[in-house]
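K.L.:
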Amino acid sequence: MPLLEPKPEALRPGAVRAPSLDRVPDRQAPGTPEPLRGELIGLLGPGKVLWKVSDLVKYASDASPYRFVPQVVVVPEDIDDISAILSYAHGKGREVVFRAAGTSLNGQAQGEDILVDVRRHWAGIEILDDGAQARIRPGTTVLRANATLARHGRLLGPDPASAIACTIGGVVANNASGMTAGTTRNSYRTVSSLTFVLPSGTVVDTADPAADEDLAHAEPRLCEGLLALKAEIEADAELTARIRAKYEIKNTNGYRLDAFLDGSTPVQILRGLMVGSEGTFGFISEVVFDTLPLDRRISTALLFFPSLTAAAAAVPRFNEAGAIAVELMDGNTLRASVSVQGVPADWAELPKETTALLVEFRAPDEAGQEAYERAAATVVAGLGLVAPVASVTNEFTREAKVISGYWKARKAFVTAVGGSRPSGTTLITEDFAVPPSRLADACEALLGLQAEHGFDAAVAGHAAHGNLHFLLAFDAAKPSDVDRYAAFMDDFCRLTVERFDGSLKAEHATGRNIAPFLELEWGPKATGLMWRTKQIIDPDGVLAPRIVLDRDPKAHLRGLKTIPRVEPIADPCIECGFCEPTCPSEDLTTTPRQRIVLRREMMRQPDSSPVEAQLLDAYGYDAVDTCAGDSTCKLACPVGIDTGAMMKDFRHQRHSPREERIAALTAKNFKAVEVAARLAVAAADRIGDRIGDGPLETLTGLARKAVRPDLVPEWLPEIPGAAARKLPRTSRVGASAVYYPACVNRIFGGPEGHRGPSLPQAVVAVSARAGKPVWIPDDVAGTCCATIWHSKGYDAGNAVMANRIVEAAWGWTAGGKLPLVVDASSCTLGIAHEVVPYLTDDNRELHRELTIVDSLVWAADELLPELTVLRKIDSAVLHPTCSMQHLDDVEQLRTVAEACAEEVVIPDDAGCCAFAGDRGMLHKELTASATAKEAAEVNAREYDAYLSANRMCEIGMDRATGQSYYSVLMELERATRPGAVVR
Numbered sequence: 006m007p008l009l010e011p012k013p014e015a016l017r018p019g020a021v022r023a024p025s026l027d028r029v030p031d032r033q034a035p036g037t038p039e040p041l042r043g044e045l046i047g048l049l050g051p052g053k054v055l056w057k058v059s060d061l062v063k064y065a066s067d068a069s070p071y072r073f074v075p076q077v078v079v080v081p082e083d084i085d086d087i088s089a090i091l092s093y094a095h096g097k098g099r100e101v102v103f104r105a106a107g108t109s110l111n112g113q114a115q116g117e118d119i120l121v122d123v124r125r126h127w128a129g130i131e132i133l134d135d136g137a138q139a140r141i142r143p144g145t146t147v148l149r150a151n152a153t154l155a156r157h158g159r160l161l162g163p164d165p166a167s168a169i170a171c172t173i174g175g176v177v178a179n180n181a182s183g184m185t186a187g188t189t190r191n192s193y194r195t196v197s198s199l200t201f202v203l204p205s206g207t208v209v210d211t212a213d214p215a216a217d218e219d220l221a222h223a224e225p226r227l228c229e230g231l232l233a234l235k236a237e238i239e240a241d242a243e244l245t246a247r248i249r250a251k252y253e254i255k256n257t258n259g260y261r262l263d264a265f266l267d268g269s270t271p272v273q274i275l276r277g278l279m280v281g282s283e284g285t286f287g288f289i290s291e292v293v294f295d296t297l298p299l300d301r302r303i304s305t306a307l308l309f310f311p312s313l314t315a316a317a318a319a320v321p322r323f324n325e326a327g328a329i330a331v332e333l334m335d336g337n338t339l340r341a342s343v344s345v346q347g348v349p350a351d352w353a354e355l356p357k358e359t360t361a362l363l364v365e366f367r368a369p370d371e372a373g374q375e376a377y378e379r380a381a382a383t384v385v386a387g388l389g390l391v392a393p394v395a396s397v398t399n400e401f402t403r404e405a406k407v408i409s410g411y412w413k414a415r416k417a418f419v420t421a422v423g424g425s426r427p428s429g430t431t432l433i434t435e436d437f438a439v440p441p442s443r444l445a446d447a448c449e450a451l452l453g454l455q456a457e458h459g460f461d462a463a464v465a466g467h468a469a470h471g472n473l474h475f476l477l478a479f480d481a482a483k484p485s486d487v488d489r490y491a492a493f494m495d496d497f498c499r500l501t502v503e504r505f506d507g508s509l510k511a512e513h514a515t516g517r518n519i520a521p522f523l524e525l526e527w528g529p530k531a532t533g534l535m536w537r538t539k540q541i542i543d544p545d546g547v548l549a550p551r552i553v554l555d556r557d558p559k560a561h562l563r564g565l566k567t568i569p570r571v572e573p574i575a576d577p578c579i580e581c582g583f584c585e586p587t588c589p590s591e592d593l594t595t596t597p598r599q600r601i602v603l604r605r606e607m608m609r610q611p612d613s614s615p616v617e618a619q620l621l622d623a624y625g626y627d628a629v630d631t632c633a634g635d636s637t638c639k640l641a642c643p644v645g646i647d648t649g650a651m652m653k654d655f656r657h658q659r660h661s662p663r664e665e666r667i668a669a670l671t672a673k674n675f676k677a678v679e680v681a682a683r684l685a686v687a688a689a690d691r692i693g694d695r696i697g698d699g700p701l702e703t704l705t706g707l708a709r710k711a712v713r714p715d716l717v718p719e720w721l722p723e724i725p726g727a728a729a730r731k732l733p734r735t736s737r738v739g740a741s742a743v744y745y746p747a748c749v750n751r752i753f754g755g756p757e758g759h760r761g762p763s764l765p766q767a768v769v770a771v772s773a774r775a776g777k778p779v780w781i782p783d784d785v786a787g788t789c790c791a792t793i794w795h796s797k798g799y800d801a802g803n804a805v806m807a808n809r810i811v812e813a814a815w816g817w818t819a820g821g822k823l824p825l826v827v828d829a830s831s832c833t834l835g836i837a838h839e840v841v842p843y844l845t846d847d848n849r850e851l852h853r854e855l856t857i858v859d860s861l862v863w864a865a866d867e868l869l870p871e872l873t874v875l876r877k878i879d880s881a882v883l884h885p886t887c888s889m890q891h892l893d894d895v896e897q898l899r900t901v902a903e904a905c906a907e908e909v910v911i912p913d914d915a916g917c918c919a920f921a922g923d924r925g926m927l928h929k930e931l932t933a934s935a936t937a938k939e940a941a942e943v944n945a946r947e948y949d950a951y952l953s954a955n956r957m958c959e960i961g962m963d964r965a966t967g968q969s970y971y972s973v974l975m976e977l978e979r980a981t982r983p984g985a986v987v988r
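Numbering (this note's numbering), first residue to last: 6 to 988.
1) State the start and end residues of the unbroken beta strand (DSSP E) segment that holds D879.
2) Using beta-carbon positions only, say whether L362 and E400 come within less than 9 Å of one another.
3) With DSSP collapsed to three states, give me the class of Q138.
4) How would you call R609, buried or exposed, if buried means at least 16 neighbouring beta carbons within 10 angstroms?
5) Just list the alpha helix (DSSP H) runs in the stretch 156 to 222, keeping only unbroken ones of 4 residues or longer that don't cross its boundaries, in chain order.
6) Can you give me the Cβ contacts of N258 inside the same chain, cut-off strictly under 7 Å, excluding the 5 residues immediately before and after it?
7) I need the DSSP call for S972, collapsed to helix, strand or coil.
8) My output table needs one value for A708: the three-state DSSP class, helix, strand or coil.
9) Quick one: complete beta strand (DSSP E) runs, 3+ long, within the stretch 344 to 376?
10) Looking at the secondary structure, which residues open and close the beta strand (DSSP E) in which V826 lies?
11) Quick check on DSSP: helix, strand or coil for T515?
12) Quick check on V364: buried or exposed, where buried means 16 or more other Cβ atoms within 10 Å of its Cβ?
13) If you draw a straight line from the C-alpha of L313 to the C-alpha of P356, how long is it?
14) Do you know how far the Cα of A575 is from the Cα of I601?
15) Per the contact definition of three or more C-beta pairs closer than 8 Å, is the stretch 721 to 741 in contact with the stretch 831 to 841?
16) Under the rule that 16 or more other beta-carbon atoms within 10 Å means buried, what is T845, buried or exposed?
17) Indicate the three-state DSSP secondary structure (helix, strand or coil) for L701 in the structure shown.
18) Is V58 near the ligand GTP, in the sense that its beta carbon is under 8 Å from a heavy atom of that ligand?
19) Roughly how far, in whole angstroms, is the beta-carbon of V29 from the beta-carbon of V62, given that I think they are within contact range, below 8 Å?
20) Just how far apart, CA to CA, sit L220 and E976?
21) Thinking just about the alpha-carbon of each residue, which of V208, E239, A114, E617 is nearest to the one in N179?
22) If G162 and R190 are in contact, beta carbons under 8 Å, what's the gap, nearest whole angstrom?
23) Along the alpha helix (DSSP H) that carries I90, what are the first and last residues, could you check?
24) How long is the line joining the alpha carbons of V208 and F201, rounded to whole angstroms?
25) Buried or exposed: which applies to A170, given that a residue is buried once 16 or more other Cβ atoms fall within 10 Å of its Cβ?
26) Spatial neighbours of A491 within its chain, please: CB distance less than 7 Å, with the 5 preceding and 5 following residues excluded, ordered by chain position.
27) Could you tell me the alpha carbon to alpha carbon distance between I541 and T195, rounded to whole angstroms?
28) Locate the beta strand (DSSP E) running through T430, then write down its first and last residues.
29) L868 and V749 look like a contact to me (Cβ under 8 Å); what is the Cβ gap, rounded to whole Å?
30) What does the alpha-carbon distance come out to for the pair P165 and H513?
31) Within the continuous alpha helix (DSSP H) that includes I810, where are the two ends?
32) Using a threshold of 9 Å, state whether the C-beta atoms of V659 and G634 are closer than that.
33) Taking just the CA atoms, how far does R517 sit from H470?
34) Keeping to the same chain, check which residues put their C-beta closer than 8 Å to that of A531; ignore five residues upstream and five downstream.
35) Are at least three pairs of beta-carbons, each pair with one atom in the stretch 940 to 955 and one in the stretch 871 to 883, less than 8 Å apart?
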């Protein structure tokens, strides 16, 4: 064991804990039992089988209120693996559940036996017919697919609120729709063809002209059975009419029986049945969508009404005016949304009765937009709108940033309201649909029912389609609360079906919590047909039992998860999974959601239980060490949960007092450390030139084993040589800004082979060229943004440097009279925001007087308007860093790059590189995993320049791509330099 390896016990929860009834039992502490583990490893290979109890726990939770611990998790790479898993399950009498993003709200992504992760290796999109169609793999998020389609002026029909995280496989398997899809733009209507694997292992491509012939040969009984059911349904005029009527409004409850009416052959019938089948009929390996035009002329308003009834009554008028979306948010939803960044704080003061409609029109051109706006104005003129707080305007806008803020508030319904629920309570999210003409009545009835059963009301939904969502929070550990939930569900389901003839599931699919009520909605005849369809396609019941069909009337009460209290920063988490696609360690170890899920399981366990011991043993590397600490999870989370900050705090908890003292001493003597680091880099560069990088890698590797991998960086060949010992000479007299070269740019030089000024020289030159000279203080050495200590959880060292840099910056800038320009985005973020909690009260006052400006903003907003671009390269690809995301200056990166290059590309898969200062040198596997998709996209073609604005991130991307990344400001200097320039 390394000398300074931290003890897992340091992260043991300190709270007094009573064992939870739903805790993972001690017998599961060893993980997947034999022979299951060994047989699957033999079948698939060790890298595709996750068997530790920590693996099983982190996959046991999803966005639903349910929790089922699988026996094993497998991660297939291709259809051959899928077929092998299904064949194994058939032979062994086992059950299989497919899981992609885990954003489903009804437990569809949970299984109690073999759980199959079909997200990790199943992403990709191919554009067909210039965007008219798209072939998409099931692990691709809706957001990622639409980003590619947008270049062709197209988008997908389904647009669920979870588009940032949910994947195409889940969208199709649940027939998810969203804000605008309704019944005409959902998957059932816009899927052109599917490729899927049946439970038997037979692969069907519905676009293949020979598909029916091949299927008849491979599965004759299945084909005969489907055609027999089709004939039976078509012979029953009353049933046929009922099926058609059920799909006039949104409905995802049960199987799509209209597939038997719409399809004329077994393959066509299967194409329809697979949509909304929730993984119970097969694995969808590929989808071809018919895409829709991306109308870019958008007009949107957030309109406030005195009551829910008044808002509901206005919905048909906007539908008639041509609105593509009419979204409803009640008073509780609006007030809870203040937890979402950007939402006006005064919404918290809105009267409880207030209701808002988010109304949007989209047009392909100016004339169409103006026509819609006139129609909207006519409708608004006849409404009794209210403005209870100052931020309410009740006006249509074209401003993209304002529109984005409206949608952010609407899409955060589940997470914002759920995040504000009482600590320790489980969240249920339900959705149902009624004929749009009955919307107002349904709203009133629902609110009354919630009040009757003692639940706080919170309603939102796709009002244009009569589709409402509501939330229920209760303590699943209390039998009385579970009974209250059960009584509510009984009454709610009867109300929806008997009074409104509505759909018990409009777009979230049946799932575990509506399966017992399927027959209530559909009746015995139609429900019987669904059971028979399942028997024909999956006669052995291998796939996803109890998720759509369940004869147990109390099935929705089985597996409800408790929500133990955890660290306050993470306690509001509802496990929605929105954070996961942004997480650098997503494909390596754990995601933010899984870090919280694992922590909650520790809280369910009695102190020192065998399961807790195993979880703690794995948590150090899987959760703490391999967290990049970039906090992009905070940006993706609608309620701003910063799991990265929690992991930094855990790093601090693992430090010994001696480690903290050494870190603080390093901060106090950073001037000497900086000099030593630059000399060491220079020496290593010379050694590498003479004998290669191998000996350095070996030496640092041995040191890592002896001391601790999370303390000693590994030498990487991509590490550049040392920076110049002296910074450019500048004058304070006449300076427009103070220029602070980050310590990383004072230690490391530019990319190997770079010809031209260094970054500090480039910033000084281009600023002077624009008539806005900058001054570099003589005493910057020994100062730092404090991120070195902050990222590792060294609080004492962090406090030393945070206060030093603020005091120095206040002096340099003459008390804040000049802006402080910082040339590394992570350092800008550190000085502008991350140092604040560690400042003394006096220094917080000084900090408030400072203007911290990222070099990208300085270049884009202050320099470019005064510069003349003399030459451009043909193409540049950009790497926006996570710090740029936090600072909201990615557009400035693009602006500066577009001044330097004719073509500028930001990869669709761009994300945090996870180099994170030196974390990429401590855990190079983290950066390799985090950058894999972006690197593949970058290297699919050649560019003239590879640009960013953070030296360590540039090194990380160098390693990932084999290219040479450098600061966009260096390219700007070259583009505007007078005279001849040699590249």
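For each residue, glycine too, the CB sits at the ideal point set by N, CA and C.
P.N.:
Working from what's here:
1) Its beta strand (DSSP E) spans residues 878 to 883.
2) Not in contact: L362 and E400 (Cβ atoms no closer than 9 Å).
3) Strand.
4) Here R609 is buried: its Cβ has 16 or more other Cβ atoms, across all protein chains shown, within 10 Å.
5) Runs found: 173 to 179, 192 to 195.
6) Cβ within range, chain order: S508, L509, K510, T515, I519, L523, E526.
7) It is a strand residue.
8) The pLDDT assigned to A708 is 47, lower than 50, so where the model puts this residue is not dependable, and the model offers no usable value.
9) Complete beta strand (DSSP E) runs here, min 3: 360 to 368.
10) From DSSP, the beta strand (DSSP E) with V826 extends over 825 to 827.
11) Reduced to three states, the DSSP call for T515 is coil.
12) Around the beta carbon of V364, 16 or more other beta carbons sit within 10 angstroms, so the residue counts as buried.
13) The alpha-carbon atoms of L313 and P356 are separated by roughly 12 Å.
14) Distance between the alpha carbons of I601 and A575 is about 7 Å.
15) These segments do not touch.
16) Result: exposed.
17) Per-residue confidence for L701 stands at a pLDDT of 49, beneath the threshold of 50, marking its modelled position as unreliable; the derived number appears in the next sentence. Helix at L701.
18) Absent from the structure shown: the ligand GTP. Ligands present: none.
19) At roughly 6 Å, the Cβ-Cβ gap stays under 8 Å, so V29 and V62 are in contact.
20) C-alpha separation (whole angstroms): 58 Å.
21) The candidate whose alpha carbon is nearest that of N179 is A114.
22) Their Cβ separation, rounded to whole angstroms, is 3 Å, which keeps G162 and R190 in contact under 8 Å.
23) Element bounds for I90: 84 to 97.
24) Rounded to whole angstroms, V208 to F201 spans 6 Å at the Cα level.
25) The residue in question, A170, is buried, as its Cβ has 16 or more Cβ neighbours within 10 Å.
26) So the qualifying residues of the chain are L562.
27) In this structure, the straight-line span from the alpha carbon of I541 to that of T195 is close to 26 Å.
28) For T430, there is no enclosing beta strand (DSSP E), as DSSP marks it with neither H nor E.
29) Wrong, their Cβ atoms sit about 22 Å apart, outside the cutoff.
30) Cα to Cα, P165 sits roughly 10 Å from H513.
31) For I810, the enclosing alpha helix (DSSP H) begins and ends at 800 to 817.
32) A small correction: the amino acid at residue 659 is Arg; Val does not occupy that position in the sequence shown. No, Cβ-Cβ distance for R659 and G634 is not below 9 Å.
33) Distance between the alpha carbons of H470 and R517 is about 24 Å.
34) The residues are L244, R247, I248, G259, L262.
35) Yes, the stretch 940 to 955 touches the stretch 871 to 883.
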